[in-house]
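Take a look at the structure set out below.
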Amino acid sequence: MKRILTYGTFDMLHYGHINLLQKAKQLGDYLIVGLSTDEFNNNKGKKSFFSYETRKVLLESIRYVDLVIPEKNWEQKIIDVKEYKVDTFVIGDDWSGKFDFLSQYCEVKYLQRTPEVSTSQIKELLKNK
Ligand code: C2G
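What follows is the structure in structure tokens.
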């Protein structure tokens with residue numbers, strides 16, 4: 003069984019996220035998503051609209067997602083890759099090159115980001131309504 007791992011905040015879930023998750027799942031058989039906790043989001047300089055628990059329920063309802071784990075810090079990726087016997091780490095190409103260090107533990111793939119949609123854009127539209 004080919005195991006895939008990705009990470010993200012996945013706030014205000016939209017089709018850019020779904021595209022990424024669908025493409026990630028197509029790379030293997032089992033998709034693990036490391037979901038940024040509210041505390042880690044602060045560390046990332048992001049404030050999500052939905053809480054970790056809400057974002058987790060939404061992610062778990064997506065057919066491509068097999069397991070959601072908390073992403074609490076930048077350092078856990080190597081541990082997660084080993085613990086979950088990950089074959090491929092995948093993330094959007096807005097992170098291109100940033101996680102190449104994982105290539106000694108698993109395959110690393112950067113997938114094309116879906117243009118023209120983002121959580122910040124959706125928040126902006128809602129604010130101006
Ligand atoms: N994404 C995408 N297309 C978009 C928006 C997002 O493909 N229009 C992808 C991102 O590239 C990422 C995933 O969806 O792979 C989740 O995006 P975010 O929630 O913005 O995640 P981010 O804040 O980039 O967190 O340790 C890694 C970080 O936790 C990644």
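Heads up: take any position in the sequence shown, counting from 1, add 2, and you land on the working numbering.
For each residue, glycine too, the CB sits at the ideal point set by N, CA and C.
Hey, out of M3, K4, L7 and Y17, whose CA is closest to R115's CA?
-> Residue 115 sits at position 113 when you count from the first residue of the sequence shown. Cα-wise, what sits closest to R115 is Y17.
Touch test, the segment 18-25 against the segment 106-125, Cβ-Cβ under 8 angstroms, three pairs minimum = yes
Given that a residue counts as buried once 16 or more other Cβ atoms are within 10 Å of its Cβ, and exposed if not, what is K79?
-> As a first step, residue 79 is located in the sequence shown; it is residue number 77 there, counting from the start. K79 comes out buried.
Considering only the beta carbon of each residue, do K4 and D89 sit closer than 8 angstroms?
-> Residue 4 sits at position 2 when you count from the first residue of the sequence shown. Residue 89 sits at position 87 when you count from the first residue of the sequence shown. Their beta carbons are under 8 angstroms apart, which means K4 touches D89 by this criterion.
Beta-carbon spacing of I93, F103 below 8 angstroms | For the purposes of this step, residue 93 is identified with residue 91 of the sequence shown, where counting begins at 1. For the purposes of this step, residue 103 is identified with residue 101 of the sequence shown, where counting begins at 1. Not a contact, by the Cβ cut-off of 8 angstroms.
Reduced DSSP secondary structure (H/G/I, E/B, other) of V83 = Position 81 of the sequence shown, counted from the first residue, corresponds to residue 83. V83: helix per DSSP, three-state reduction.
Have a look at D40 and Y54 and give me their C-alpha separation to the nearest angstrom.
-> Against the sequence shown, residue 40 aligns to sequence position 38. Against the sequence shown, residue 54 aligns to sequence position 52. If I take the Cα positions, the gap works out to 6 angstroms.
By how many angstroms is the C-alpha of W97 removed from the C-alpha of V83?
-> For the purposes of this step, residue 83 is identified with residue 81 of the sequence shown, where counting begins at 1. For the purposes of this step, residue 97 is identified with residue 95 of the sequence shown, where counting begins at 1. Their backbone Cα atoms lie some 18 angstroms apart in a straight line.
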